[in-house]
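Just below is one structure, and these are the notes that go with it.
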Amino acid sequence: MKFFIDTANLDQIREAQALGILDGVTTNPSLMAKEGITGEENIKNHYKAICEIVDGDVSAEVIATDYEGMVKEGEALAALHSQIVVKLPMIADGVKACKYFSDKGIKTNVTLVFSAGQALLAAKAGATYVSPFIGRLDDISTDGLNLIAEIRHIYDNYMFETEILAASVRHTMHIIDCAKIGADVMTGPLKAIEGLLKHPLTDSGLEKFLADYKKGN
Ligand code: G3P
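Below, the structure is given as structure tokens:
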């Protein structure tokens, strides 16, 4: 299972990278705005800065919503760095643009996916990644994890190569449940990743080992 961090915060990206478990980064316009990154040039420079920190794929989202605009913007984003993955919204023009980039061998991430049907279309268009938003489905009393399971089932039926990138992961149990279902990738906040580390028996066990060592030395 690949671990992506879902943030545009460089310190948090560095921290996850230093842990040695990071496979990539996802961003979106809201995460960029949260870090105060505005303006086309600043946003592009920020993507490049992220690529310098991590070794893996970095999703950069287009703002255009028409096919020609997405193609133009996506090509400019892909030209920024070899690690850039063009992130496209799950709308008809996004599907067309996904097919265009797939045919050119440029990696894509189809985002804002909320149904198995949308995921099927993304795979048909040759998406590298499909991003079902589990937290936002949970927010409206719909089982986000069930969507991951449905997509896993469909993709396995036909051996689609599109990777299921569980997105809108909000907490540590989301990560564990996605791993049980077989999501290829999860993207979440640093806090959710760090939650995997914690267990009170690890802390108390370590404390006792160190105390016993001190007694004998
Ligand atoms: O990965 C998608 C993500 O950025 C959306 O997360 O928490 O805003 O639903 P959230």
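All residue numbers for the sequence shown refer to this note's numbering, where the first residue is 394 and numbers rise by one. Think of the CB as a built atom: it goes at the ideal place given N, C-alpha and C, for glycine as much as any other residue.
- Only exposed fits residue 603, as fewer than 16 other CB atoms lie within 10 angstroms of its CB.
- The Cβ-Cβ distance between residue 571 and residue 559 falls below 7 Å.
- Comparing C-alpha distances from residue 523 to each of 566, 547, 442 shows the shortest one belongs to 547.
- Excluding sequence positions up to five before and after residue 463, its CB lies within less than 7 Å of the CB of 455, 457, 481, 486, 487, 490, all in the same chain and listed in chain order.
- Distances between the C-beta of residue 561 and the heavy atoms of the ligand G3P include at least one below 6 Å.
- Partner residues in a beta bridge of residue 428, as assigned by DSSP, do not exist.
- If you keep only unbroken beta strand (DSSP E) runs of at least 3 residues inside the segment 436–474, you get 450–454.
- Between residue 447 and residue 477, the C-beta gap is not smaller than 7 Å, which leaves the two residues out of contact.
- Taking 7 Å as the cut-off, the Cβ atoms of residue 396 and residue 414 count as close.
- Counting other Cβ atoms within 10 Å of its Cβ, residue 429 stays below 16 and is therefore classed as exposed.
- Taking C-alpha positions only, residue 515 is separated from residue 577 by approximately 15 Å.
- Counting along the chain, the unbroken alpha helix (DSSP H) around residue 532 starts and ends at 527–532.
- If you check the CB distance, residue 473 and residue 441 come in under 7 Å.
- If you ignore the 5 residues before and after residue 422, its C-beta comes within less than 8 Å of the C-beta of 454, 456, all in its own chain and listed in chain order.
- A distance below 6 Å between beta-carbons, with the five flanking residues on each side excluded, links residue 543 to the following residues of its chain, in chain order: 509.
- Under the three-state reduction of DSSP output, residue 415 falls in the coil class, being neither helix nor strand.
- Taking C-alpha positions only, residue 537 is separated from residue 525 by approximately 8 Å.
- In this structure, DSSP gives residue 579 an extended state, which the three-state scheme calls strand.
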